[in-house]
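Colleague: Residue numbers (our numbering): 610 to 886.
Before I ask anything, here is the structure I am working with.
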Ligand SMILES: [Zn+2]
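Below, the structure written as structure tokens:
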């Protein structure tokens, strides 16, 4: 595995000329828009250290992604699943005078209004009626709540047939409360039987409910004890990440689930390895 850095700069900074000259001299390609200049480089590249020094000098910063080789990936048994497509915001949104989605779809008694933990769902998620191309959205998510995912009927039938640990429930329109056709929420009952270890995270203890959150930092890996007995294809992690009211869980899936998704060529899904150690 390798840390891959994506650097982004405002082009107005004079000092970016030094960087640009260096990139040009090493024939490292960058993207140049009207305002920003950006490029990506792996830590194992022999020019990385010099570049990172220049970037530090001009007060630049980077997004860091951990990238795994094909061989490394073939040995990893569990992954955190993320989706790139979202079906909008849960309804009603925060500024609605009738209340917000926490009142409507979750148990407000258990939910902590300071850190967002203990978010227990009591009724279907409500979505604004829109023309959603659900047929193309094999997996999708929703803004604000990472651990709620939706599938269409086709994806649900494949999961029900081939994988363990998932069930499905309906999703409703906000207006009229009719159920969506061909759209289901993915429900996962089993909790992953251990807390993850991060190599980069900060701890947060809620002053209201004393929940401890581990907020993962950029470029971190996740680890679980390798002696764990795992036999499901879907698990939920405990609440582990997010600032403020974001108290989400990771959706953990097996390699079998990842390979199934790849065999059906479902797109817009990201799998982040969880490492056994
Ligand atoms: Zn709290």
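C-beta: ideal position from N, C-alpha, C; glycine also.
Pick out the complete beta strand (DSSP E) segments inside the stretch 648–690, 3 residues or longer, and give them in chain order.
Modeller: Runs of the beta strand (DSSP E) inside the stretch 648–690: 670–676.
Colleague: Taking 8 angstroms as the cut-off, decide whether the C-beta atoms of residue 850 and residue 840 are in contact.
Modeller: Against a cut-off of 8 angstroms, the Cβ pair of residue 840 and residue 850 comes out as no contact.
Colleague: Mind the definition here: the stretch 671–686 touches the stretch 699–719 only if three or more C-beta pairs lie below 8 angstroms; say whether that holds.
Modeller: No: fewer than three Cβ pairs fall under 8 angstroms.
Colleague: Excluding five sequence neighbours on each side, which residues of the same chain lie with their C-beta closer than 8 angstroms to the C-beta of residue 825?
Modeller: 807, 809, 810, 831, 849, 850.
Colleague: Quick one: using the 10 Å Cβ neighbour count with 16 as the cut-off for buried, is residue 866 buried or exposed?
Modeller: That one is buried.
Colleague: Excluding the five sequence neighbours on either side, which residues of its own chain have a C-beta within less than 6 angstroms of the C-beta of residue 834, listed in chain order?
Modeller: Closer than 6 angstroms at the Cβ level, and outside the excluded window around residue 834, lie 803.
Colleague: Does the stretch 812–825 come close enough to the stretch 765–780 to have 3 or more Cβ pairs within less than 8 angstroms?
Modeller: In short, these stretches do not touch, since the Cβ pair count stays below three.
Colleague: When you compare only the Cα positions, how much space is there between residue 646 and residue 738?
Modeller: Approximately 38 angstroms between the Cα atoms of the pair.
Colleague: Hey, could you find the ends of the alpha helix (DSSP H) residue 629 is sitting in?
Modeller: Residues 625–634.
Colleague: Three or more C-beta pairs closer than 8 angstroms, one from the stretch 752–770 and one from the stretch 689–696: is that the case here?
Modeller: Flag = yes, the stretch 752–770 and the stretch 689–696 touch.
Colleague: Pick out the complete beta strand (DSSP E) segments inside the stretch 798–862, 3 residues or longer, and give them in chain order.
Modeller: Counting whole runs of 3 or more residues, the stretch 798–862 contains the beta strand (DSSP E) stretches 810–814, 821–825, 831–833, 843–845.
Colleague: Relative to ligand 1, is the shortest distance from any of its heavy atoms to the C-beta of residue 719 smaller than 7 angstroms?
Modeller: Answer for residue 719: no, Cβ out of range of ligand 1.
Colleague: What whole-angstrom Cβ distance do residue 676 and residue 611 have, given they're in contact under 8 angstroms?
Modeller: Going by Cβ atoms, the distance from residue 676 to residue 611 rounds to 5 angstroms, so yes, they are a contact pair.
Colleague: Relative to the C-alpha of residue 760, which candidate in 789, 740, 785, 783 has its C-alpha closest?
Modeller: Residue 760 has its Cα closest to that of 789, out of 789, 740, 785, 783.
Colleague: Give the single residue among 697, 772, 712 whose Cα lies nearest to the Cα of residue 740.
Modeller: It is 697.
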